[in-house]
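Below is one structure; the comments refer to it alone.
Residue numbers (the numbering used here): 1 to 545.
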């Protein structure tokens, strides 16, 4: 029986638009570690016109790499731990034209390194914990030309350090917890050029501290949970002139707090779940003049809340999973005055939601994995086209998706690992309109991929232009019909991007495409306007013999 697939504007996989839209199918940049194992890419960070990341080519171990998005422009920066050993560059942070990170040369352990992107310019800044153990620095944050981080020494344990990029300018700020135990500074954020963090001085427990990078300017803000237990502040986010965070006191459990950096200005915003349990606010995110987060009031489960910083202005926004069950909203990201996130309403599984800050404006964007199954959208990144993310529709595995915030404008960009297996797109990085990410096509393992789309499509969706293709899968013939009045041209490409066929078609006539000589597999059908050459859409075609 003939199957007809009617497909209306879908951003990335198939779309028709009335304005100039340029799209490119995601492609592997380089098979860094040839074969199935993959190069295990982590932490893609843009600096200048290059992406920097950790990768393993199978010969030199996990080392620092860079890419400009091209095959020729993708190379190892330096084999920090010469030979098969791992240089293990992590915590990549940009400051003043240099990339700072924790690296291991195989002799001195994990220490502070920097790179300007060249072999000669990739050097250890300082051997902080002299000898093989390394100082294992983490929590890098740049304020102007000063890098704040935590580092471990045999004498002082983990304490707060700063570096201006020179050996002499790399020093411990303060021995907050005197002796070898260390204060273990963590959970940090910057407010008004002051570094805020959680640390344990050995007397007051893990509490909120601040530092301007000097000994005298590093002080306890407030002992929120009096005594040695500490309030364990975390989840820091900025809004206006205040820092918002989660903290625990004896009376209220883990609740929402705020600080302006002073003792008097550090206060509980609201005891959302009265009693010692607390509401455990998490995933704090700023949109406009409100903080959005997940919290549990003890009645509605873990749901979406918002706060303007006042007790009265802190309230449940929507009980997405009605009753005591939890929707567990997470992964918040902002686009065009809407906050997008992953949540489950108890009916549709974990799916893509959005909110404009109102009850009525908090809605499901699309049930990607229809029914009770979860598409579990994760790894969100915004560019001119919308939000790219990884999701599983229940058929193609976890693949690259795009949304413009509408149901019609939410679709899979490409089935990188064809069939039910997942390519698992992750570690996204963005320079201009080019997105780099790691993905596994089922053949080359997890490698570096890129995707370029230079023109926004969010406001150009037309539901009037339709495409019908049948059958799909096809064997010897594929029939193509659109209701466009203009002529179109089609290009058929294999999954490596090689052009198989280029043909001009009439817009309103049913056109037959001979596929008898094509091998079994997955192909990409690119639709173009014959008058100006603009790409109007890309569709996946399956050939079965």
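Every residue gets a Cβ at the ideal spot worked out from N, C-alpha and C, and that includes glycine.
Just so you know, the alpha carbons of residue 200 and residue 146 end up roughly 23 Å apart.
In the structure shown, residue 310 falls within a coil segment according to DSSP collapsed to helix, strand and coil. Every beta strand (DSSP E) of 3 residues or more that sits fully in the segment 351-379 is shown, in chain order, as 363-366.
For residue 174, the enclosing beta strand (DSSP E) stretches over residues 170-174. Residue 155 and residue 95 have their C-alpha atoms roughly 28 Å apart. In the assembly as shown, residue 132 is an exposed residue. Its beta-carbon has fewer than 16 other beta-carbons within 10 Å. Following the DSSP letters along the chain, one finds residue 88 in no beta strand (DSSP E), marked with neither H nor E. Only exposed fits residue 70, as fewer than 16 other CB atoms lie within 10 angstroms of its CB. Taken through DSSP and simplified to helix, strand or coil, residue 104 comes out as strand. A buried status is given to residue 302, since no fewer than 16 other beta-carbon atoms sit within 10 Å of its beta-carbon. Taking the C-beta atoms as reference points, residue 388 is found no nearer than 8 Å to residue 332. When the beta-carbon positions are compared, residue 189 and residue 238 come within less than 8 Å of each other. The bridge partners DSSP lists for residue 122 are 115.
Burial check for residue 159: the Cβ neighbour count within 10 Å reaches 16 or more, so the residue is buried.
Annotated three-state conformation of residue 69 is coil, per DSSP. Annotated three-state conformation of residue 78 is strand, per DSSP. For residue 249, the enclosing beta strand (DSSP E) has its first and last residue at 242-249.
Look at residue 322 here: in three-state DSSP terms it is coil, with no helix or strand label. CA-to-CA, the gap between residue 361 and residue 346 works out to about 19 Å.
Assigned with DSSP and collapsed to three states, residue 155 falls in coil, not helix or strand.
When DSSP reads this structure, residue 392 sits in a beta bridge with 398.
Contact check between the segment 440-454 and the segment 82-94: fewer than three CB pairs, one atom from each, fall below 8 Å, which does not count as touching. For residue 130, the three-state secondary structure derived from DSSP is coil. Residue 163 and residue 171 have their C-alpha atoms spaced approximately 7 Å apart.
By alpha-carbon distance to residue 216, the top candidate from 178, 396, 173 is 173.
Sequence-distant Cβ neighbours of residue 335 in its own chain, meaning closer than 8 Å and more than five residues away, are 382, 386, 387, 405.
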